[in-house]
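In what follows, a structure is listed as structure tokens, so that the remarks can point back to it.
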Ligand code: 5CA
Ligand code: ZN
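In our numbering, the protein residues as written are 361 to 775.
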């Protein structure tokens with residue numbers, strides 16, 4: 361698929377820091393240790409509705425990962441998928457008497473526009489599920505051949521499932537106990553009661569064609585891919601096993617990332633799928649997780665139409681830590697707009713206090729599991745001093761502008 365256009369990232373003077381991130385699999389903050397080329401996969405949208413602030417928060421968190429790696433001198437191979445064939449997309453198309461292909465294309469186009477408007481650095485490869493069907497089929501065929509997958513005994517619907525016992529490590533990524541897994545699996549697309557499965561938690565790999573549903577001819581028989589195998593195949597075929605970061609919102613830790621990892625590891629006979637599993641917290645509105653199914657959404661496109669600036673959206677979302685579940689409110693946006701106005705005013709003064717220490721603190725905080733609240737406070741402190749007329753360093757305002765642009769993606773352009 362076509363990705364979206366990139367923005368320039370200024371290089372700033374001084375010493376960068378190695379990025380440490382929280383890893384769900386080990387439950388610890390660990391240094392990311394990419395080679396010259398850092399490899400990241402972030403789960404993309406299911407395009408049946410517009411991008412809301414929850415999605416935006418997750419992609420902005422990984423935009424910060426990308427930016428800290430760039431600052432540390434790495435090149436970044438970033439891959440993101442689009443789940444352009446799945447149950448929720450088909451259901452929405454059916455409800456609205458829409459064509460599911462057209463719906464997916466429309467919402468994907470809007471997503472690209474939203475990401476561009478938010479100045480999110482684009483993935484190098486932006487890959488749809490539909491265009492990946494041949495490679496997904498190939499992976500499933502190999503899993504069948506090596507015994508990690510099986511076909512249910514149902515002549516009408518000979519679906520293919522993954523045997524979750526195949527790797528002997530199932531559960532290492534999310535670390536959930538059996539009860540939690542059993543509760544989350546059906547909530548998040550699983551079908552524990554499907555007759556013929558070896559284990560209720562085994563995940564669907566290939567759904568045999570049903571009348572009225574889209575399907576593709578393949579060596580597996582006509583059908584369409586399950587969800588987890590999509591990300592597993594797309595990631596491993598482009599990044600290889602053991603890539604640096606697998607990312608998404610915390611709602612993907614189980615079953616999605618657990619199975620994406622298990623599929624790839626069962627195929628390769630190697631471990632791990634990713635070195636870090638990184639999860640962003642859920643953004644809520646009115647006391648509930650913002651979700652397309654609940655309908656309690658604030659769309660990025662709506663804010664854009666209302667003239668809300670990307671810098672303000674970034675500052676509002678970065679006011680909280682990326683891993684904490686947090687609410688979107690009008691007050692949060694108002695406070696971000698006020699902060700943005702202060703930063704802009706300070707950053708366009710003819711002089712300010714020396715900013716090398718500020719840039720150093722900004723790097724320290726961001727390298728420490730993307731601690732944006734502390735990073736923002738460091739810039740607040742510099743802006744406060746500058747606005748009080750302290751400091752005579754004429755290079756400082758430009759340095760702060762460039763650091764904030766490079767590390768936080770905030771431009772401080774006069775509006
Ligand atoms: N296509 C799959 C991933 S392969 C999917 O989950 N699509 S999605 O459109 O439902 O979500 C896209 C991304 O936004 C995922 O990383 C998801 O975890 C994240 N996300 C969804 N809702 C929220 C929310 N309320 N707050 C933060 N992140 C969210
Ligand atoms: Zn995914």
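All C-beta atoms, glycine included, are put in the ideal place defined by N, C-alpha and C.
Problem - Which of helix, strand or coil DSSP assigns to residue 602 - result: coil
Exercise for the section: Below 8 Å on the Cβ atoms is my guess for residue 445 versus residue 632; work out the distance and round it to an integer in Å. Expected result: In fact, because the Cβ distance is near 28 Å, the residues do not count as touching under 8 Å.
Problem - Inter-residue spacing [alpha-carbon to alpha-carbon] between residue 508 and residue 639 - result: 27 Å
Practice task
Verify the contact flag: residue 423, CB atom, against every heavy atom of ligand 1, threshold strictly below 7 Å.
Solution key: no
Problem - ligand 2 heavy atom lying under 7 Å from the CB of residue 597 - result: no
Exercise for the section: Specify the secondary structure class of residue 793 as computed by DSSP and reduced to three states. Expected result: Because the chain here runs from 361 to 775, residue 793 falls outside it and cannot be looked at.
Practice task
Report the rounded CA-to-CA distance for residue 540 versus residue 679, giving the unit in angstroms.
Solution key: 31 Å
Problem - Those residues, in chain order, that have a beta-carbon closer than 6 Å to some heavy atom of ligand 1 - result: 403, 404, 405, 406, 414, 415, 417, 418, 441, 443, 591, 608, 609, 611, 612, 640, 642, 643, 649, 650 and 651
Practice task
From the DSSP output, read off the bridge partner residues of residue 521.
Solution key: 510 and 564
Handout entry: residue 745: first and last residue of the uninterrupted alpha helix (DSSP H) it sits in
Key = 732-747
Handout entry: heavy atom of ligand 2 below 7 Å from residue 616 C-beta
Key = yes
Problem - Sufficient close CB pairs (3 or more, under 8 Å) joining the segment 619-626 to the segment 653-665 - result: no
Practice task
With DSSP collapsed to three states, give me the class of residue 422.
Solution key: helix
Practice task
Check whether the Cβ atoms of residue 778 and residue 425 sit closer than 8 Å, and answer yes or no.
Solution key: In this structure the chain extends from 361 to 775, so residue 778 is not present and cannot be described.
Problem - Pick from 718, 475, 752 and 755 that is closest to residue 741, judged by C-alpha positions - result: Closest by alpha carbon: 718.
Handout entry: Contact belief for residue 603 with residue 634 at Cβ below 8 Å, rounded distance in angstroms
Key = 6 Å
Practice task
Report yes if the CB atom of residue 468 is closer than 8 Å to the CB atom of residue 407, and no otherwise.
Solution key: yes
Handout entry: Neighbour-count burial assignment, residue 606, 16 or more Cβ in a 10 Å radius
Key = buried
Problem - Reduced DSSP secondary structure (H/G/I, E/B, other) of residue 706 - result: Here residue 706 sits in helix by DSSP.
Exercise for the section: Give the single residue among 397, 709 and 484 whose Cα lies nearest to the Cα of residue 361. Expected result: 484
Exercise for the section: Figure out for me which residue from 389, 396, 365 and 502 has the closest Cα to the Cα of residue 579. Expected result: Measuring from the Cα of residue 579, the nearest candidate turns out to be 502.
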